[in-house]
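Sequence order for the protein chains is E and P.
Residues 1099 to 1292, numbered by our numbering, are exactly what the first sequence covers, in order.
Residues 302 to 425, numbered by our numbering, are exactly what the second sequence covers, in order.
A virtual CB, placed ideally from N, CA and C, is assigned to each residue, including glycine.
In what follows, a structure is listed as structure tokens, so that the remarks can point back to it.
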Amino acid sequence: MTMPYDQQEDTPDDALLVLYANGDGAAARTLTLRLTPRVFAHAFRMLGDRAEAEDVAQEAMIRLFKQAPDWRQGEAKVTTWLYRVTANLCTDRLRKAKRVALDAIPEPEDDAKSAAQEMQDRARADALQNALATLPERQRQAVVLRHIEGQGNPEIAEIMEISVEAVESLTARGKRALAQALASQREALGYTDG
Amino acid sequence: MADKFDDDMLDDLFAAARSDSRAAPSPDLLARVLSEAESLQIADPAPVMPLQRRSLWAAVLAAVGGWPALSVVAMAGMAGVWIGVASGTSLMQDTLGLDIYGETAQSYLSDLDDTYAFNFKAEE
């Protein structure tokens, strides 16, 4: 039996996985549209490269779908498991040191903003991405999860398999390092003190 | 204060990163992931009990209670034979039984009914 797609918007991730394992086609679609953007965004912020982030996101989602028949409801949050898999895949890629310069990223069009605003936003996002790339990997992961993806410290602790105190320490040090890395670009990015 | 300034700047940059359209997946990626999801669903369907065709013998066996019931019937049969043999001629009251046991002269089915045998004379 297949639950209509529009009725699955409020269905929890783990229940969708069970539906998916039972052959529900709409669950496959809902899971794909709900989770792929989060996985991709995380991979992109960790790797700074869209093509590599796409590979990682696809691989992480495939692993999730393969895991579906054996998923134990109530044991772990689907997003926690998925962030952990994504982070591990990113780590593997970073170790292979195949990163491409951010400049090579094709830039999608966004007509809603003015060209000047768009340029500044892009410059800021690039600057942050470059600064993130200078952080040690665990600091970067903690900062991205906490401040860009909006995860709570307890969930980050679970994803990274460390204590909440260790998460707080990583994010604090990460923010300080980011501020240092960006110090010379404040004015260029449109930030003036005072 | 520098820390406050840095915090504000970082908060602003984090917000810019959140709205960065490059962090959104392309339609191609979504299509590929969905295609993988569907193919994995087809390749590994949920376990279902296969339909089993039962033979007539299996159906009869199931109707009488399966192998345990059948073994009880077999044991009862064996017990009957044993009782018959162990009790000697005391339970045998007809000539056929005694014939089998070898106590009396042999009997033949043709002795029981004359019409059973061919009457060659009549045909000649």
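Unbroken alpha helix (DSSP H) run spanning residue i, endpoints
i	result
ASP321/P	Element bounds for ASP321/P: n/a, residue is neither H nor E.
TRP1179/E	1176-1193
GLU1263/E	1262-1280
THR1232/E	1213-1232
TYR1118/E	1111-1119
GLU1256/E	1251-1258
ALA1126/E	1123-1145
GLU1173/E	From DSSP, GLU1173/E is part of no alpha helix (DSSP H); its letter is neither H nor E.
SER1154/E	Looking at the sequence itself, residue 1154/E is Val, so the reference to Ser does not match. Start and end: 1148-1165.
LEU335/P	328-344
VAL1242/E	Run containing VAL1242/E: none; DSSP gives neither H nor E here.
Presumed contact (8 Å Cβ cut-off) between residue i and residue j, rounded CB distance
i	j	result
VAL1241/E	LEU1280/E	At roughly 13 Å, the Cβ-Cβ gap does not stay under 8 Å, so VAL1241/E and LEU1280/E are not in contact.
ASP1112/E	VAL1176/E	6 Å
ALA344/P	PHE1163/E	Not confirmed; about 10 Å, so no contact.
THR1134/E	PRO369/P	Incorrect: roughly 56 Å between the Cβ atoms, too far for contact.
ARG323/P	PHE1142/E	7 Å
GLU1247/E	ALA1139/E	7 Å
ARG1284/E	MET310/P	7 Å
MET1159/E	VAL334/P	5 Å
GLN1106/E	LEU1114/E	6 Å
TYR1118/E	LEU1131/E	Incorrect: roughly 13 Å between the Cβ atoms, too far for contact.
GLY1121/E	GLN342/P	6 Å
heavy atom of the ligand NAP below 7 Å from residue i C-beta
i	result
HIS1140/E	The model on display carries no ligand, and the ligand NAP is accordingly not part of it.
CB contact below 8 Å: residue i versus chain A
i	result
PRO326/P	In the structure shown, chain A does not exist; the protein chains are E and P.
Exercise for the section: Check whether the stretch 1179-1188 of chain E touches the stretch 358-369 of chain P, counting contact only when three or more Cβ pairs, one atom from each stretch, lie closer than 8 Å. Expected result: Result no; under three Cβ-Cβ pairs closer than 8 Å.
Exercise for the section: Inspect the CB distances between the stretch 1151-1158 of chain E and the stretch 323-339 of chain P and report whether three or more fall short of 8 Å. Expected result: In the pairwise beta carbon analysis, the stretch 1151-1158 of chain E is classified as touching the stretch 323-339 of chain P: at least three pairs are separated by under 8 Å.
Practice task
Decide if the stretch 307-326 of chain P is in contact with the stretch 1223-1238 of chain E; the criterion is three or more beta carbon pairs, one per stretch, under 8 Å apart.
Solution key: Yes, they touch.
Exercise for the section: Take every Cβ of the stretch 1139-1154 of chain E, pair it with every Cβ of the stretch 1115-1129 of chain E, and state whether three or more of those distances are shorter than 8 Å. Expected result: The stretch 1139-1154 of chain E vs the stretch 1115-1129 of chain E: no contact.
Practice task
Flag this pair as touching only if the stretch 1231-1247 of chain E and the stretch 1258-1271 of chain E have three or more C-beta atom pairs under 8 Å; answer yes or no.
Solution key: At 8 Å Cβ cutoff, the stretches touch.
Exercise for the section: Evaluate contact between the stretch 1166-1180 of chain E and the stretch 1245-1257 of chain E, counting only Cβ atoms and requiring at least three cross-stretch pairs below 8 Å. Expected result: Flag = yes, the stretch 1166-1180 of chain E and the stretch 1245-1257 of chain E touch.
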